[in-house]
Amino acid sequence: MLQDKDIKRWYDNVARGSIITADVYLRRLGNFCQNKNLTPNKLLSMSEEELYNLALDMVTVMQEKGYAGSYTHSTLKALKSWLGHNRIFIKGRIKIEGAQSAPTLKDERVPTKPELKRIFLAGDEKARVICSLIAHGGLRPESIGDYKGRDGLILRDLPELTIEGKTASFSKIPTMLIVRANLSKAGHQYFTFLTEETCQYIKDYLEARLREGEVLTRDSALVTPKQKMKDFIRTANVGDSARNCIRGSGFCWRPYVLRSYFDTQMMLAESKGLVIRDYRVFFMGHCGGIEAKYTTGKNKLPPDVVDDMRSAYEKASEFLQTFEKPTTSEEKIADALTKQLLLVAGYTDAELQNMGEIDDEKLSSLIRERLVGAPKESKAQQKAVRVSELEKYLSQGWQFVASLPDKHVVIRLGN
192 MLQDKDIKRW YDNVARGSII TADVYLRRLG NFCQNKNLTP NKLLSMSEEE
242 LYNLALDMVT VMQEKGYAGS YTHSTLKALK SWLGHNRIFI KGRIKIEGAQ
292 SAPTLKDERV PTKPELKRIF LAGDEKARVI CSLIAHGGLR PESIGDYKGR
342 DGLILRDLPE LTIEGKTASF SKIPTMLIVR ANLSKAGHQY FTFLTEETCQ
392 YIKDYLEARL REGEVLTRDS ALVTPKQKMK DFIRTANVGD SARNCIRGSG
442 FCWRPYVLRS YFDTQMMLAE SKGLVIRDYR VFFMGHCGGI EAKYTTGKNK
492 LPPDVVDDMR SAYEKASEFL QTFEKPTTSE EKIADALTKQ LLLVAGYTDA
542 ELQNMGEIDD EKLSSLIRER LVGAPKESKA QQKAVRVSEL EKYLSQGWQF
592 VASLPDKHVV IRLGN
């Protein structure tokens, strides 16, 4: 079909938006014409009424044969695209039952942490990198390697990665991963972060390549194809690698369910106050709302914003990683002390459960809000004062209750 110059022009025009869409439309149009014993150019000589009836008949036949509504809708879009390219438009409304439904996905769900761990362990070093980039970085498969295998992630896209001799290391974890505009579905450059677990998988994979004698530069592909005919892995092979891991762990999900895992877990982190929605949308590679155009939509963000995004991602990473980060005894003691101080200040267990992570500044603010801001008629005669004022209050009959992190103490009026 592409030997026809008019069809080639149409195909190239669609491909400039998405080469995947262009290939799908070409197949759909070819199948439609073959089933109707027509040629694409023959369609151009038909009247508007004939084209409308032809499209209606196509929808009826496809639905009678049990085709999914989404597949029928895709075929109609391909037909309209070819006709529209030639300034011919079907004006009548054509209704398709279940045009937006996906019956093959109705029983699909997001994996749990243990299930994701099984998926990771079902693959080799390269497959683990691919799966974790999608599940922990929120990447689309085509961002790892494009449709034709002509471009993909390179080591330069990991600015905090260092290769020295036979060793790979990261200067910062979570580490930043830049998705260039030509690898972004939305057409804009953005960045996301990768967990400690993903960094370890990347380190293992790169060091294995180094041991095999491969010379890695900043322009080397992060994920290479099995056959060395091209530098970059193709999107189809990215999907195959993830699919093999999913099948090998006993599940029938699509590879894209790994990206759904990232979105779902970050949404849970958002509900706990660990990451704001704008950051979550940004990490997913979406354009965001109007406010994002003037904030996270910038190609270059201020260092303090990047640091805040990294900090938020680090807090949310406990929802992403498949291993539990060990908690030190000091952390347990600090958490217990924080809870006790807030209970003394008058907070309930139910209120504490909805507060998320509490740093020193937030702790001081919460206690001052409850104690200093308490109404005068309250029977809880407690307040927060500076350490330098403690001696004065003790001499007036006040009693020491607890210390606060910002050089304040809690005192109460003695009996």
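When we follow the numbering used here, the leftmost residue of the sequence shown carries the number 192, and every step to the right adds one. Beta carbons are placed, not taken as given, at the ideal position from N, Cα and C, and that holds for glycine. All values derive from a computational prediction rather than experimental measurement.
Nearest-angstrom Cα separation, counted from Q573 out to K598
Walking along the sequence shown from the start, residue 598 turns up at place 407. Walking along the sequence shown from the start, residue 573 turns up at place 382. Spanning the two alpha carbons is a distance of roughly 17 Å.
Minimum C-alpha distance to A269 - residue among A412, E333, Y202:
Position 78 of the sequence shown, counted from the start, is the residue given in the question as residue 269. Nearest of A412, E333, Y202 to A269, Cα basis: Y202.
Would you call the CB atoms of I369 and Q380 closer than 8 Å?
Locating residue 369 in the sequence shown gives position 178, counting from the first residue. Locating residue 380 in the sequence shown gives position 189, counting from the first residue. The answer is yes: Cβ separation under 8 Å.
Can you tell me where the alpha helix (DSSP H) holding I285 begins and where it ends?
Residue 285 sits at position 94 when you count from the first residue of the sequence shown. Note, I285: premise wrong, no alpha helix (DSSP H); not H, not E.
What's the gap between the Cα of G289 and the Cα of I281?
As a first step, residue 289 is located in the sequence shown; it is residue number 98 there, counting from the start. As a first step, residue 281 is located in the sequence shown; it is residue number 90 there, counting from the start. In a straight line, the C-alpha of G289 is about 21 Å away from that of I281.
Please list the terminal residues of the continuous beta strand (DSSP E) segment that includes E355.
For the purposes of this step, residue 355 is taken as the residue at position 164 of the sequence shown. E355 -> beta strand (DSSP E) spans 352-355.
Check R450 in the structure and name its three-state DSSP category.
Translated into positions along the sequence shown, residue 450 becomes position 259. Residue state, collapsed to three classes: helix.
What is the C-beta distance between I424 and I335, in whole angstroms, given that I count them as a contact (C-beta under 8 Å)?
Within the sequence shown, numbered from 1, the residue matching residue 424 stands at position 233. Within the sequence shown, numbered from 1, the residue matching residue 335 stands at position 144. Taking a contact as a CB-CB distance under 8 Å, the pair I424 and I335 counts as one, their CB atoms being some 7 Å apart.
Cut-off 8 Å between Cβ atoms - residues of its own chain near K357, not counting five sequence neighbours on either side:
The count along the sequence shown starts at 1 and reaches residue 357 at position 166. Result list for K357: E398, L401, R402, in chain order.
Collapsed DSSP secondary structure at I345 in the structure displayed
Position 154 of the sequence shown, counted from the first residue, corresponds to residue 345. Under the three-state reduction of DSSP output, I345 falls in the strand class.
Is the stretch 446-462 in contact with the stretch 294-309, if contact means three or more CB pairs nearer than 8 Å?
yes
Output the distance between the C-alpha atoms of R207 and N373, rounded to the nearest integer angstrom.
If you number the sequence shown from 1, residue 207 lands on position 16. If you number the sequence shown from 1, residue 373 lands on position 182. Taking the straight line from one Cα to the other gives about 12 Å.
Determine the burial state of M420: buried for a count of at least 16 other Cβ atoms within 10 Å of its Cβ, exposed for fewer.
Taking the sequence shown and counting its residues from 1, one reaches residue 420 at position 229. With fewer than 16 other Cβ atoms within 10 Å, it is exposed.
For L229, which of helix, strand or coil comes out of DSSP?
As a first step, residue 229 is located in the sequence shown; it is residue number 38 there, counting from the start. The answer is coil: DSSP assigns L229 none of H, G, I, E or B.
Cβ neighbour criterion (16 or more within 10 Å) applied to K491
By 1-based counting over the sequence shown, the position of residue 491 is 300. The C-beta of K491 has fewer than 16 other C-beta atoms within 10 Å across all chains shown, which makes the residue exposed.
Just tell me which of E239, Q587, V497, A293 has its CA closest to the CA of G275.
Taking the first residue of the sequence shown as 1, we reach residue 275 at position 84. Checking every option, the nearest Cα to that of G275 belongs to E239.
Coil, strand or helix - G221 by DSSP
Within the sequence shown, residue 221 is the residue found at index 30, counting from 1. Correct three-state label for G221: helix.
Return the chain-ordered ranges of every alpha helix (DSSP H) run that is complete within the stretch 400-446 and spans a minimum of 4 residues.
Listed in chain order, the complete alpha helix (DSSP H) runs (minimum 4 residues) inside the stretch 400-446 are 426-439.
With which residues is R207 paired in a DSSP beta bridge?
Residue mapping note: residue 207 aligns to position 16 of the sequence shown, counting from 1. According to DSSP, R207 bridges with nothing at all.
For L307, I'd like the list of residues in its chain whose CB is within less than 7 Å of its CB, leaving aside the five on either flank, ordered along the chain.
On the sequence shown, position 116 is the one that residue 307 refers to. For L307, where only same-chain residues beyond five positions count, the Cβ hits under 7 Å are A326, Y452, T513.
Rounded to whole angstroms, what's the CA-CA distance from R577 to G464? Just pull it up for me.
For the purposes of this step, residue 577 is taken as the residue at position 386 of the sequence shown. For the purposes of this step, residue 464 is taken as the residue at position 273 of the sequence shown. Going by the C-alpha atoms only, they are around 30 Å apart.
Alpha carbon of P350 to alpha carbon of I437, nearest angstrom:
For the purposes of this step, residue 350 is identified with residue 159 of the sequence shown, where counting begins at 1. For the purposes of this step, residue 437 is identified with residue 246 of the sequence shown, where counting begins at 1. Spanning the two alpha carbons is a distance of roughly 30 Å.
Considering only the alpha carbon of each residue, which of N232, N226, F223, S272 lies closest to Q194?
Residue 194 sits at position 3 when you count from the first residue of the sequence shown. Looking from the CA of Q194, the closest CA among N232, N226, F223, S272 belongs to N232.
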